[in-house]
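Number of protein chains: 2
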Amino acid sequence: MAVLSYLTTTQFDFGAVRLLPKELERLGMRRPLVATDKGVRAAGLLDVVLGTLNDGAGLPVFDDTPPNPTEAAALAAFELYKSAGCDGVIGLGGGSAMDLGKAVALLAGSGGPLERFDPLLGGARHIANVAPIVAIPTTSGTGSEVSVGFVVVMADGRKLTFASPKMIPRVAICDPELTLGLPPALTAATGMDAVTHCIEAILSPVVNPPAEGIGYDGLRRAWRYIEAAVRDGADREARWHMMMASTEGAMAFIKGLGAVHAMSHAAGRLPELKLHHGTLNAVILPTILRFNEGTAPEKYERLAEAMGLSKAADLADAVIARNRALGLPGGLAAMGITEGMIADLVPHAVADLSTRTNPRPADAAAYADLFAAAL
Amino acid sequence: MAVLSYLTTTQFDFGAVRLLPKELERLGMRRPLVATDKGVRAAGLLDVVLGTLNDGAGLPVFDDTPPNPTEAAALAAFELYKSAGCDGVIGLGGGSAMDLGKAVALLAGSGGPLERFDPLLGGARHIANVAPIVAIPTTSGTGSEVSVGFVVVMADGRKLTFASPKMIPRVAICDPELTLGLPPALTAATGMDAVTHCIEAILSPVVNPPAEGIGYDGLRRAWRYIEAAVRDGADREARWHMMMASTEGAMAFIKGLGAVHAMSHAAGRLPELKLHHGTLNAVILPTILRFNEGTAPEKYERLAEAMGLSKAADLADAVIARNRALGLPGGLAAMGITEGMIADLVPHAVADLSTRTNPRPADAAAYADLFAAAL
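Top to bottom, those sequences are chains A and B. Taking the working numbering, the leading residue of the first sequence gets 1, the next gets one more, and so forth. Taking the working numbering, the leading residue of the second sequence gets 376, the next gets one more, and so forth.
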């Protein structure tokens, strides 16, 4: 068992899920709300996790998390939390379930409404307490199990990224066994999410060399093993490395993210399209790699090195080729986004927290061009 | 200002020392004991630090830290801590002063004697509390400002490494300004200490990819800037990178260290020779790089990459050449160690905590050969 002792205590290895009872006890968590979604339940993973606990069958479970967590879903889950007398949250699933769990933990510890904590308005300082969180990822992934943030689509349609060190889960249980059944398309999409996290975190101009070092390691790992994990989901070694890369990506993005995430958050809001965050990141990444070129030549060389490419390699081309090999869409148009939609997406990208740490400033005009280029 | 939020909150940049009052306030530390040494005082750095505080001149200062902290010195400092009514420790200096400060904080929080906490006997579990510690390094360095451990030469002559997550300083103030006056010889020795930390941490078989990622970044930094820092102590860029590499080295060695440290701890005990920990590490490192060859070929390639060498480069040769360029001794014999001394050193190396995480097992016979080879 690898124990990664950072602000989150992460238990990492095949079989880690068996440590859940001990970790709950260590945190003094007697009655957790399990925040998850129907996909996780259908995959049998909820049963696996509850099966490790003596009283697992009796725990309150909220499995209505939508593909992108909404304020309404968070409030509904919070109602269940309160009525069931919970004292903490287990977030079990992909980024959505874990993020919904974080939202509930925040509401439980500090009270609502969520918009009080809007980071674009300095709202993080209003966070008083946060109920304890144990995060158990089932994708590789958003890395939400170790990250400071969570994303919620508010009632007014805005997609807000909440961020505070207080939101970091106390415990993460990273058990690659839970991802063996993740289908190829999701493995590809969430794997490229991890790749994008590492790259955008590294390119962020925020100074944090340890976080960058973690990011380069994560990128190396994800770039090397993502095709194997997609080709053969039962490849345990590949699954282990993809989950580690995912966790490392989130540890790295304490530095902030960039324009890729600003754009994918904007496009991810479109309710009728239900676009996957990871797929959006993968598809948009080449455009932003070109946009950012020249801002940090030395970082680009180290990125190429981590990706096993020659120093002068074209990173955008490498990502395009990899997306194709993984069966991911070739552009946003293939995902259903049209030129006509761009004007509505642009302001959301401009307003996104991640825009602030893109190495090259991007305003509305730039985003309009970038969305067009990414079609 | 770079803020590195890990288990230690590290304020890192030129001028960071001005944040000391704020950090003390944040920790609720009203009357710290300043643990330092006469060299730091003579360099004017104690005045710089005390000068940032309103009541700096009135703080109790223990400046009798020997080059390697002893149990006697720790007890004497603890007496001052108690009589002055202190509520925390500021460790200001190189590894010795910071380690002595840690020892005092442990005694203050958990009571003595120190041997209760001997990690070779599982003593870390007896650590109840530790008084808060603010660590301010003046060398680059041991990285003790962010590490779990500290080393003390006990009354019976044994050099013990105490280690526990509870020993991690809450706050580190990493101000490269404080190292501008560090003489070339010490810059070289402490810089190679940081290099050795990164390398041994990476080679440790303990699984912790984030720590490894941090180690590779630290190694890259230290290898690249150490000659510049030695050649021109006023080179601010070089000093910044060497201090970052030092902090990163200690963040990496949460994975444990290896045979180099086992041997340098053993040789560092010899009271009449007063050998510098960093110099010993630099001189012994090539021998252990050869000894460990073949245990982790992929890591050796990544080490070479981080050091800007070709993949198949001989790492030991590169370190030998670098030591020569830095004016460091060519072997242990040049430092005063003779073949006749080896038999006494061997059992200490075998018993050292760091031996357990060397990638290749080393017993008494091996260490006898290794000391001889390193002469």
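Where is the CB? At the ideal position from N, CA and C, for every residue including glycine.
Terminal residues of the beta strand (DSSP E) in which residue i lies
{"i": "B/Phe525", "result": "Gly524 to Val528"}
{"i": "B/Lys649", "result": "First-last for B/Lys649: undefined, no H or E at that position."}
{"i": "B/Cys549", "result": "Val546 to Cys549"}
{"i": "A/Pro137", "result": "Ile133 to Pro137"}
{"i": "A/Val34", "result": "Pro32 to Ala35"}
{"i": "A/Phe78", "result": "Note, A/Phe78: premise wrong, no beta strand (DSSP E); alpha helix (DSSP H) at Glu71 to Ser83."}
{"i": "A/Leu92", "result": "Gly88 to Gly93"}
{"i": "B/Lys413", "result": "Run containing B/Lys413: none in the beta strand (DSSP E); it sits in the alpha helix (DSSP H), Lys413 to Ala417."}
Cross-chain neighbours of residue i in chain A, by beta carbon under 8 Å
{"i": "B/Met626", "result": "Pro210"}
CA-to-CA distance, residue j to residue i, given in whole angstroms
{"i": "A/Glu298", "j": "A/Leu4", "result": "29 Å"}
{"i": "B/Arg699", "j": "B/Met404", "result": "45 Å"}
{"i": "B/Ala637", "j": "B/Pro585", "result": "24 Å"}
{"i": "A/Phe117", "j": "A/Gly249", "result": "24 Å"}
{"i": "B/Pro736", "j": "A/Ala229", "result": "34 Å"}
{"i": "B/Glu668", "j": "B/Pro661", "result": "11 Å"}
{"i": "B/Gly683", "j": "B/Arg595", "result": "8 Å"}
{"i": "B/Pro441", "j": "A/Ala103", "result": "52 Å"}
{"i": "B/Leu678", "j": "B/Tyr591", "result": "7 Å"}
{"i": "B/Gly487", "j": "B/Lys649", "result": "27 Å"}
{"i": "B/Glu454", "j": "B/Leu394", "result": "28 Å"}
{"i": "B/Leu496", "j": "A/Gly268", "result": "55 Å"}
{"i": "B/Thr385", "j": "A/Leu375", "result": "43 Å"}
{"i": "B/Met626", "j": "A/Leu46", "result": "36 Å"}
{"i": "B/Ala447", "j": "B/Asp531", "result": "11 Å"}
{"i": "A/Arg231", "j": "A/Leu107", "result": "41 Å"}
{"i": "B/Arg665", "j": "B/Ala709", "result": "20 Å"}
{"i": "A/Asp193", "j": "A/Phe14", "result": "22 Å"}
{"i": "A/Glu272", "j": "A/Ile337", "result": "11 Å"}
{"i": "A/Ala97", "j": "B/Asp462", "result": "43 Å"}
Proximity below 8 Å, CB of residue i to CB of residue j
{"i": "A/Pro169", "j": "A/Met243", "result": "no"}
{"i": "A/Ile173", "j": "A/Glu23", "result": "yes"}
{"i": "A/Val146", "j": "A/Met167", "result": "no"}
{"i": "A/Ala349", "j": "A/Thr355", "result": "yes"}
{"i": "A/His411", "j": "A/Val151", "result": "In the structure displayed, chain A extends from 1 to 375; residue 411 of chain A sits before or after that span and is not available."}
{"i": "B/Pro444", "j": "B/Leu475", "result": "yes"}
{"i": "A/Leu180", "j": "A/Thr138", "result": "no"}
{"i": "B/Val635", "j": "B/Glu575", "result": "yes"}
{"i": "B/Gly566", "j": "B/Ile601", "result": "yes"}
{"i": "A/Val130", "j": "A/Ser110", "result": "yes"}
{"i": "B/Pro507", "j": "B/Ala538", "result": "no"}
{"i": "B/Val436", "j": "B/Thr411", "result": "yes"}
{"i": "B/Ala613", "j": "B/Ala597", "result": "no"}
{"i": "A/Ser204", "j": "A/Gly258", "result": "yes"}
{"i": "B/Ala671", "j": "B/Pro734", "result": "yes"}
{"i": "A/Val40", "j": "A/Gly93", "result": "yes"}
9 Å Cβ cut-off: residues of chain A touching residue i
{"i": "B/Tyr591", "result": "Gly213, Tyr216 and Asp217"}
{"i": "B/Glu398", "result": "Simply none; closest approach about 16 Å."}
{"i": "B/Glu680", "result": "Glu305"}
Opening and closing residue of the alpha helix (DSSP H) in which residue i lies
{"i": "B/Ala737", "result": "Here B/Ala737 belongs to no alpha helix (DSSP H), and DSSP marks it neither H nor E."}
{"i": "A/Ala211", "result": "Pro209 to Arg231"}
{"i": "B/Pro722", "result": "Glu714 to Ala726"}
{"i": "B/Leu561", "result": "Pro559 to Leu578"}
{"i": "B/Leu421", "result": "Leu420 to Leu425"}
{"i": "A/Ala316", "result": "Leu315 to Ala325"}
{"i": "A/Ala296", "result": "Note, A/Ala296: premise wrong, no alpha helix (DSSP H); not H, not E."}
{"i": "A/Leu24", "result": "Leu20 to Leu27"}
{"i": "A/Thr10", "result": "Counting along the chain, A/Thr10 falls outside any alpha helix (DSSP H), though it belongs to the beta strand (DSSP E) covering Thr9 to Phe12."}
Beta-carbon neighbours of residue i, restricted to chain B and to distances below 8 Å
{"i": "A/Glu200", "result": "Ordered by position in chain B, no residue passes the 8 Å Cβ test against A/Glu200, which lies about 16 Å from the chain."}
{"i": "A/Tyr6", "result": "Tyr381, Leu382 and Pro585"}
{"i": "A/Ile254", "result": "Ser380"}
{"i": "A/Glu298", "result": "None at all; the shortest Cβ gap to chain B is about 11 Å."}
Chain-ordered chain B contacts of residue i [CB-CB under 7 Å]
{"i": "A/Ser204", "result": "Within 7 Å Cβ-Cβ: nothing; A/Ser204 doesn't reach chain B, min ~12 Å."}
For residue i, the nearest candidate out of the options (CA to CA)
{"i": "B/Gly466", "options": "B/Met682, B/Asp744, B/Val546 and B/Trp615", "result": "B/Val546"}
{"i": "B/Ala432", "options": "B/Val423, B/Ala560 and B/Thr440", "result": "B/Val423"}
{"i": "A/Asp344", "options": "A/Leu270, A/Pro21 and A/Leu326", "result": "A/Leu270"}
{"i": "A/Arg31", "options": "A/Thr161, A/Tyr300, A/Val89 and A/Asp352", "result": "A/Val89"}
{"i": "B/Asp610", "options": "B/Thr562, B/Gly468 and B/Phe537", "result": "B/Thr562"}
{"i": "B/Ala564", "options": "B/Ala510, B/Glu612, B/Leu434 and B/Gly702", "result": "B/Gly702"}
{"i": "B/Asp438", "options": "B/Tyr456, B/Thr427 and B/Glu647", "result": "B/Tyr456"}
Where residue i meets chain B, residues with beta-carbon distance less than 9 Å
{"i": "A/Met242", "result": "By Cβ distance, chain B contributes nothing, its closest Cβ being about 12 Å from A/Met242, past 9 Å."}
{"i": "A/Glu248", "result": "Pro584, Pro585 and Gly588"}
Within chain D, partners of residue i - CB distance below 8 Å
{"i": "A/Pro165", "result": "Looking for chain D here will not work: the only protein chains present are A and B."}
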